[in-house]
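Peer 1: What follows is a single structure, and I will ask about it in a moment.
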Amino acid sequence: MNILGLNAYHGDASAALFAGGRLSGAMEEERFTRLKHQAGFPTLAVQHALAQAGLTAADLDHIAISRDSNAHLHKKLLFALSKGPSLALLRNRLTNASKLRDVKASVAELAGVAESSLKAEVHRVEHHRAHMASAFFVSPFERAALLSIDGFGDFVSTMWGRGCGSTIEVDGWVEFPHSMGLLYTAITQYLGFGKYGDEFKVMGLAPYGQPEYLDALRRLVRVTANGGFELDLSYFIHHSEGVNMTWESGSPTIGDVFSPKLEALLGPRRRTGEPLEPKHQHIAASLQVLLEEVVLGLLRQLAAKTGLTDLCMAGGVALNCTMNGKIQQDTPFERVYIQPAAYDGGTSLGAALYVKHQVLGAPRDFVMDHTYWGLEYPPDKCRAALEAHGLRYRELEEEPLAEAAADLIAAGNIVGWYQGRFEWGPRALGNRSIVCDPRRADMKDILNSRIKHRESFRPFAPSVLEERAGEWFAMGEASPFMLMTCQVRPERQAQVPAITHVDGTARQQTVSRRTNPKYWALIDAFERKTGVPIVLNTSFNENEPVVNTPDEAIACYLRNDMDVLVLGPYLVEKHP
Numbered sequence: 000m001n002i003l004g005l006n007a008y009h010g011d012a013s014a015a016l017f018a019g020g021r022l023s024g025a026m027e028e029e030r031f032t033r034l035k036h037q038a039g040f041p042t043l044a045v046q047h048a049l050a051q052a053g054l055t056a057a058d059l060d061h062i063a064i065s066r067d068s069n070a071h072l073h074k075k076l077l078f079a080l081s082k083g084p085s086l087a088l089l090r091n092r093l094t095n096a097s098k099l100r101d102v103k104a105s106v107a108e109l110a111g112v113a114e115s116s117l118k119a120e121v122h123r124v125e126h127h128r129a130h131m132a133s134a135f136f137v138s139p140f141e142r143a144a145l146l147s148i149d150g151f152g153d154f155v156s157t158m159w160g161r162g163c164g165s166t167i168e169v170d171g172w173v174e175f176p177h178s179m180g181l182l183y184t185a186i187t188q189y190l191g192f193g194k195y196g197d198e199f200k201v202m203g204l205a206p207y208g209q210p211e212y213l214d215a216l217r218r219l220v221r222v223t224a225n226g227g228f229e230l231d232l233s234y235f236i237h238h239s240e241g242v243n244m245t246w247e248s249g250s251p252t253i254g255d256v257f258s259p260k261l262e263a264l265l266g267p268r269r270r271t272g273e274p275l276e277p278k279h280q281h282i283a284a285s286l287q288v289l290l291e292e293v294v295l296g297l298l299r300q301l302a303a304k305t306g307l308t309d310l311c312m313a314g315g316v317a318l319n320c321t322m323n324g325k326i327q328q329d330t331p332f333e334r335v336y337i338q339p340a341a342y343d344g345g346t347s348l349g350a351a352l353y354v355k356h357q358v359l360g361a362p363r364d365f366v367m368d369h370t371y372w373g374l375e376y377p378p379d380k381c382r383a384a385l386e387a388h389g390l391r392y393r394e395l396e397e398e399p400l401a402e403a404a405a406d407l408i409a410a411g412n413i414v415g416w417y418q419g420r421f422e423w424g425p426r427a428l429g430n431r432s433i434v435c436d437p438r439r440a441d442m443k444d445i446l447n448s449r450i451k452h453r454e455s456f457r458p459f460a461p462s463v464l465e466e467r468a469g470e471w472f473a474m475g476e477a478s479p480f481m482l483m484t485c486q487v488r489p490e491r492q493a494q495v496p497a498i499t500h501v502d503g504t505a506r507q508q509t510v511s512r513r514t515n516p517k518y519w520a521l522i523d524a525f526e527r528k529t530g531v532p533i534v535l536n537t538s539f540n541e542n543e544p545v546v547n548t549p550d551e552a553i554a555c556y557l558r559n560d561m562d563v564l565v566l567g568p569y570l571v572e573k574h575p
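Going by numbering that gives the first Met the number 0, the first residue of the sequence shown is number 0, and it counts up by one from there.
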């Protein structure tokens, strides 16, 4: 049974492929086009996923797409008729709906064959059901409460229910235009971060402030009796003018979703490039507290209704690591599983899983405990790329390679670490990473000035040996996907200042010897030399998608002030 899952005609286009019933690859289109959050159809992701599995489009039995234009159709039509969106926006929505209906033709086109030659049955899976499936069906739980929460999709912003075995049951939802995701987007835009996907910056800014604007922001949303919520729509315009999202250049852009009344409440918006003032930090802190109040309150209601202590979450809001880190202490849920590509890119996986289990009734046979589902380039490709660039290199076996790289990191060098298959989801987790010494208090500034060129308030994250994590972080269980923030133990903070945020927290990744032996060996070697089982880990990129190919890794290494490149078994030093 071969199933192709798609997230298409939306931001973060992606493909996930089950070959012979097992996941063989999952990847986002942006890794190939080099455009962040690439929208449209994931042509290259599909082609590479099929080629990697040794399949063609003719081998597909099912195609699943994570949108269903018929879901909540009558409410969509009533809303459109009552609000009268612009003709341009209406035309855009109708065009996308038409493309969704022609998904089989799109797959045939990328394969260069006639649509009639494809035997695959097409399934359109409602957006939030795909989100929930993406988490539950690859979780370690037989039964769990489920929550999907984001901006919106298929006219719903939030959906909750429960999973049992190979089925998902929906218990309730919150409909558009009421959306905690769009509320967070509105304040993100107000604070001067206007790019698609900038919400994570506000999460990083929040610890610098105090929730002084919490009472003001509470006017924007009201919790309802069933545990849901309603926005005060007078502070927003997305309900009257629509969410103006376009992607003519490939990368999506989104227009403002807040009204002048928000500026009347909080004062003039910050424009991009204007200085960040304490007021902006306080608004960010207030927004974070408000989000936690609403979502954690919803989760407490969900726990009471289901009587379950295991939770699976998905949706863009589930990438809020600060909120995630409080679930186990502030709700009855004892275990939490969040799929690494929790945002819309992950719905391609969810759509395929929904068809496999919910539609076809296949038993569950897989727990996703790592993210390495992208493409891999063998050593000969790495060597050819190095030689094409005229770079001198040393070839080392795995153990001496880890020892040499650890020595260089301990000496203060910034190392590009490129191994194996690239990661699924937004995080670089040890296969496409830049790694350096977490003990240096100045390392954040060095990285920002020499390589990342990003806002100074944003934290850098640690990768820690799984078996040593509890000694350094106040955490309850493994965190392999870097999706939960926790406290760095107070007695350890001075030892690792580069990964300790201003509030004493870190967004840690626990590294397992079983799932990533090479990265584990690197950190283990670093610990033997320094006594610290942690490296600072940031994504191997510079204001672009994370690198995919050896050539992209080399180009990033050469144009930035990176000291060392480890490309497969090859070690390159700029200043040996």
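A virtual CB, placed ideally from N, CA and C, is assigned to each residue, including glycine.
Keep in mind it's a predicted model, so treat the numbers as computed, not measured.
When the Cα of N430 is compared with those of A383, Y376 and L59, which residue comes out closest?
Peer 2: Translated into the one-based positions of the sequence shown, residue 430 becomes position 431. Residue Y376 is the option with its Cα nearest to N430.
Peer 1: Could you compute how far the alpha carbon of I64 sits from the alpha carbon of D343?
Peer 2: Counting from one through the sequence shown, the residue named residue 64 turns up at place 65. Counting from one through the sequence shown, the residue named residue 343 turns up at place 344. So the two alpha carbons sit approximately 12 Å from each other.
Peer 1: How about W471 and I533: are their beta carbons less than 8 Å apart?
Peer 2: Residue mapping note: residue 471 aligns to position 472 of the sequence shown, counting from 1. Residue mapping note: residue 533 aligns to position 534 of the sequence shown, counting from 1. Yes.
Peer 1: Grouping DSSP H, G and I as helix and E and B as strand, with all else coil, what is I2?
Peer 2: Taking the sequence shown and counting its residues from 1, the one referred to as residue 2 is at position 3. Three-state result, I2: strand.
Peer 1: Since Y417 and V565 should fall inside the 8 Å C-beta cutoff, what is the C-beta to C-beta distance between them, to a whole number of angstroms?
Peer 2: Numbered from 1 along the sequence shown, position 418 holds the residue referred to as residue 417. Numbered from 1 along the sequence shown, position 566 holds the residue referred to as residue 565. 7 Å between Cβ atoms; contact.
Peer 1: Rounded to whole angstroms, how far is the Cβ of A401 from the Cβ of L521, which I believe are closer than 8 Å?
Peer 2: If you number the sequence shown from 1, residue 401 lands on position 402. If you number the sequence shown from 1, residue 521 lands on position 522. Right, the Cβ-Cβ distance comes to about 5 Å (below 8 Å), so this counts as a contact.
Peer 1: Per DSSP, what kind of secondary structure is N536 in: helix, strand or coil?
Peer 2: On the sequence shown, residue 536 is found 537 positions in, with the first residue counted as 1. Three-state result, N536: strand.
Peer 1: Among the residues of its own chain, which have a CB less than 8 Å from the CB of R218, if the five just before and after it don't count?
Peer 2: In the sequence shown, residue 218 corresponds to position 219, counting from 1. Once the five neighbours on either side are set aside, the close Cβ partners of R218 are D231, Y234 and L264.
Peer 1: Pick from D60, D379 and L22: whose alpha carbon is nearest that of M367?
Peer 2: Position 368 of the sequence shown holds residue 367. Answer by Cα proximity: L22.
Peer 1: If distances are taken between C-alpha atoms only, which option among Y556, S511, P489 and R299 comes closest to V501?
Peer 2: Against the sequence shown, residue 501 aligns to sequence position 502. For V501, the nearest C-alpha among the options comes from P489.
Peer 1: Let's test the definition: count the other Cβ atoms within 10 Å of the Cβ of F192 and tell me whether it reaches 16, buried, or not, exposed.
Peer 2: One-based indexing of the sequence shown puts residue 192 at position 193. Looking at its Cβ environment, which holds 16 or more other Cβ atoms inside 10 Å, F192 is buried.
Peer 1: In the structure shown, what three-state DSSP assignment does W519 receive?
Peer 2: Mapped onto the sequence shown, residue 519 falls at position 520. Note: W519 maps to helix in three-state DSSP.
Peer 1: From E29, K278, H36 and V121, pick the residue whose C-alpha is nearest to that of A56; which is it?
Peer 2: In the sequence shown, residue 56 corresponds to position 57, counting from 1. It is V121.
Peer 1: Could you give the DSSP three-state label for R221: helix, strand or coil?
Peer 2: Within the sequence shown, numbered from 1, the residue matching residue 221 stands at position 222. Here R221 sits in strand by DSSP.
Peer 1: Would you grab the beta carbon distance between Y212 and S285 for me? Rounded to a whole angstrom, and I think it's under 8 Å.
Peer 2: Locating residue 212 in the sequence shown gives position 213, where the first residue counts as 1. Locating residue 285 in the sequence shown gives position 286, where the first residue counts as 1. Indeed they touch by this definition, with Cβ atoms about 4 Å apart.
Peer 1: Between the Cα of A129 and the Cα atoms of K103, T166 and E108, which residue gives the shortest distance?
Peer 2: Here residue 129 corresponds to residue number 130 of the sequence shown, with the count starting at 1. The candidate whose alpha carbon is nearest that of A129 is T166.
Peer 1: Looking only at its chain, what residues have a beta carbon closer than 8 Å to the beta carbon of G19, apart from the 5 residues adjacent to it on each side?
Peer 2: Position 20 of the sequence shown, counted from the start, is the residue given in the question as residue 19. Same-chain partners within the cutoff: M0 and N1.
Peer 1: Residues bridged to P461 by DSSP?
Peer 2: Against the sequence shown, residue 461 aligns to sequence position 462. According to DSSP, which records beta bridges pairwise, P461 is partnered with L535.
Peer 1: Indicate the three-state DSSP secondary structure (helix, strand or coil) for A361 in the structure shown.
Peer 2: The residue labelled residue 361 in the question sits at position 362 within the sequence shown. Three-state DSSP puts A361 in coil, outside helix and strand.
Peer 1: Terminal residues of the continuous alpha helix (DSSP H) containing Y556?
Peer 2: On the sequence shown, position 557 is the one that residue 556 refers to. From DSSP, the alpha helix (DSSP H) with Y556 extends over P549 to R558.
Peer 1: Which residue comes first and which comes last in the alpha helix (DSSP H) that contains W246?
Peer 2: Your numbering for residue 246 matches position 247 in the sequence shown. From DSSP, W246 is part of no alpha helix (DSSP H); its letter is neither H nor E.
Peer 1: Whole angstroms is fine: what's the gap from H574's alpha carbon to S178's?
Peer 2: Sequence index remark: in the sequence shown, residue 574 carries index 575 (1-based). Sequence index remark: in the sequence shown, residue 178 carries index 179 (1-based). Spanning the two alpha carbons is a distance of roughly 52 Å.
Peer 1: Report the residue from F199, V495 and V545 whose alpha carbon sits nearest the alpha carbon of G530.
Peer 2: For this step, residue 530 is matched to residue 531 along the sequence shown. The shortest Cα separation from G530 among F199, V495 and V545 belongs to V495.
Peer 1: Out of H126, F140, S147 and R142, state which residue places its alpha-carbon closest to the alpha-carbon of D153.
Peer 2: One-based indexing of the sequence shown puts residue 153 at position 154. The option with the nearest alpha carbon to D153 is H126.
Peer 1: For N225, count neighbouring Cβ atoms within 10 angstroms of its own Cβ and tell me buried if that reaches 16, exposed if not.
Peer 2: Counting from 1 along the sequence shown, the entry for residue 225 is found at position 226. N225 is exposed by the Cβ-count criterion.
Peer 1: Put I589 into one of helix, strand or coil per three-state DSSP.
Peer 2: Coverage of the chain is limited to positions 0 through 575, which leaves residue 589 absent and any answer about it impossible.
Peer 1: Compute the Euclidean distance between the alpha carbons of E541 and D329, then round it to the nearest angstrom.
Peer 2: Residue mapping note: residue 541 aligns to position 542 of the sequence shown, counting from 1. Residue mapping note: residue 329 aligns to position 330 of the sequence shown, counting from 1. The straight-line gap from Cα to Cα measures roughly 37 Å.
Peer 1: How is the beta strand (DSSP E) around R156 delimited, first residue to last?
Peer 2: Taking the first residue of the sequence shown as 1, we reach residue 156 at position 157. Correcting the residue identity first, residue 156 is Ser in this sequence and not Arg. Start and end: V155 to C163.
Peer 1: Give every residue of the same chain whose Cβ lies closer than 7 Å to the Cβ of T509, excluding the five residues on either side of it in the sequence, and list them in chain order.
Peer 2: Within the sequence shown, the letter at position 510 stands for residue 509. Counting only Cβ-Cβ distances below 7 Å, and skipping sequence neighbours, we find V463, E465, A468, A477, S478 and P479.
Peer 1: Going by DSSP, name the residue or residues bridged to L230.
Peer 2: Looking up residue 230 in the sequence shown gives position 231. Paired residue(s): V220.
Peer 1: Just to check my reading of the structure: F136 and L352 have Cβ atoms closer than 8 Å, yes? What is that Cβ distance to the nearest angstrom?
Peer 2: As a working mapping, residue 136 is identified with position 137 in the sequence shown. As a working mapping, residue 352 is identified with position 353 in the sequence shown. That belief holds up - the Cβ atoms of F136 and L352 are roughly 4 Å apart, short of 8 Å.
Peer 1: Helix, strand or coil for R491, going by three-state DSSP, please let me know.
Peer 2: Indexing the sequence shown from 1 puts residue 491 at position 492. The answer is coil: DSSP assigns R491 none of H, G, I, E or B.
Peer 1: In this structure, does DSSP put F456 in helix, strand or coil?
Peer 2: Numbered from 1 along the sequence shown, position 457 holds the residue referred to as residue 456. Coil, per DSSP.
Peer 1: Give the single residue among S455, T184 and N536 whose Cα lies nearest to the Cα of R438.
Peer 2: Reading the sequence shown from its first residue, position 439 is the one you call residue 438. For R438, the nearest C-alpha among the options comes from N536.
Peer 1: Let me know the secondary structure DSSP gives L146 once reduced to three states.
Peer 2: By 1-based counting over the sequence shown, the position of residue 146 is 147. Looking at L146 - three-state DSSP - the assignment turns out to be strand.
Peer 1: Are the stretch 392 to 400 and the stretch 100 to 108 touching by the rule of at least three beta carbon pairs closer than 8 Å?
Peer 2: Short answer: they don't touch.
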